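Okay, structure first, notes after.
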Amino acid sequence: MGCFGFLKVMMFAFNGIIFLAGAAILGVGIWVKVDSGSVLGFLQQIDNAPSELSQLLNVGYLLIAVGAVLLIIGFLGCCGAVKESRCMLLMFFVIVLVVFIAEVAGAVVILVFKPLAEELINKLGTEASASIRKDYGKNSDVTGLWNATMDTLKCCGFNNYTDFTGSPFYQENSNQYPPQCCPSHDSPCNSTAATISGCFPKFLKLIDDNSVVIVAVALGIAVLEVCAMVVSMTLYCKIGSKTD
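Take 1419 as the starting number for the sequence shown in our numbering and just add one per residue.
Shown next as structure tokens:
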């Protein structure tokens, strides 16, 4: 087959997978937005489903955007390799390069501005706790959102159970905390029984426990992007040398 033919096949196969994945994601996003009535009907059939689940329909826009980008990348890569189009290969290289630079910039920002990020997180925690004390048990949207979050992550409040002290729920239930804060929902959920950790510490622990996997996946994606750019540029130069 030769090196040139092997690179063409690899380029076609790799971007063919990207194209199919993009088509699938785009299809799901369009279905979620177009057939929103059926999705809402399905969600409403779930017992004790929080009303905030309907907000998942907004994810359709994100799916459409991601699917469209993957479609474009896959199409340019496949057609550029098969038709030996230098223009398509160059556009493929530029798009992947932009995505790669954005990812690197995001990682640098996270590392450089880590103290600022921690400060913002602390402010977010303060605001979240204040919102719980003000609206939990009175505002149905806030109450439903926190209940869904705590049920999913098996956590209690943003920091811990003290976030609910003084809230409308706390006052209306004789100084009791939400049942999600206690391991045993049968006993009264007071400060002694509330031993479930907060949602934010649990989220940080989840990230820490899976940090190796997250880093490995990020590095794997970066390596694939670099390989794709190298192959596309190699084909670009090979095709150029053939036409000269």
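A virtual CB, placed ideally from N, CA and C, is assigned to each residue, including glycine.
Everything numeric in this text was worked out from a predicted model, so none of it was measured.
Relative to the C-alpha of Pro1601, which residue among Asn1608, Ala1612 and Leu1444 is closest? Ala1612
For Phe1432 versus Gly1495, is the C-beta spacing smaller than 8 Å? yes
Mapping the DSSP letters down to three states, classify Glu1470 as helix, strand or coil. Legend: pLDDT at Glu1470 = 48, less than 50; position of this residue unreliable, no value from coordinates given.
Whole-angstrom Cβ separation of Asn1370 and Asn1608, contact assumed at under 8 Å? Residue coverage of the chain in this structure runs from 1419 to 1662, which leaves residue 1370 outside it and unanswerable.
Kindly indicate the opening and closing residues of the alpha helix (DSSP H) around Gln1620. Checking the sequence shown, residue 1620 turns out to be Lys, not Gln. Its alpha helix (DSSP H) spans residues Cys1617 to Asp1627.
Closest by CA to Val1644, which one among Lys1620, Ser1629 and Val1516? Val1516
Supposed close pair Gly1440, Gly1485 - CB separation, criterion 8 Å: 5 Å
Quick check on Ala1634: buried or exposed, where buried means 16 or more other Cβ atoms within 10 Å of its Cβ? exposed
Burial state of Thr1544 (16 or more Cβ within 10 Å): exposed
Please say whether Leu1571 and Cys1599 have beta carbons closer to each other than 8 Å? no
Under 8 Å between the Cβ atoms of Ser1585 and Ile1614? no
Taking Cys1573 and Lys1620 to be in contact with their CB atoms under 8 Å, please state how far apart those CB atoms are, rounded to whole angstroms. 5 Å
Just verifying my parser: in three-state terms, what is the DSSP assignment at Gln1598? helix
Per DSSP, what kind of secondary structure is Ala1611 in: helix, strand or coil? coil
Can you tell me whether DSSP reads Cys1655 as helix, strand or coil? helix
How many angstroms separate the CA atom of Asn1628 from the CA atom of Ser1659? 47 Å
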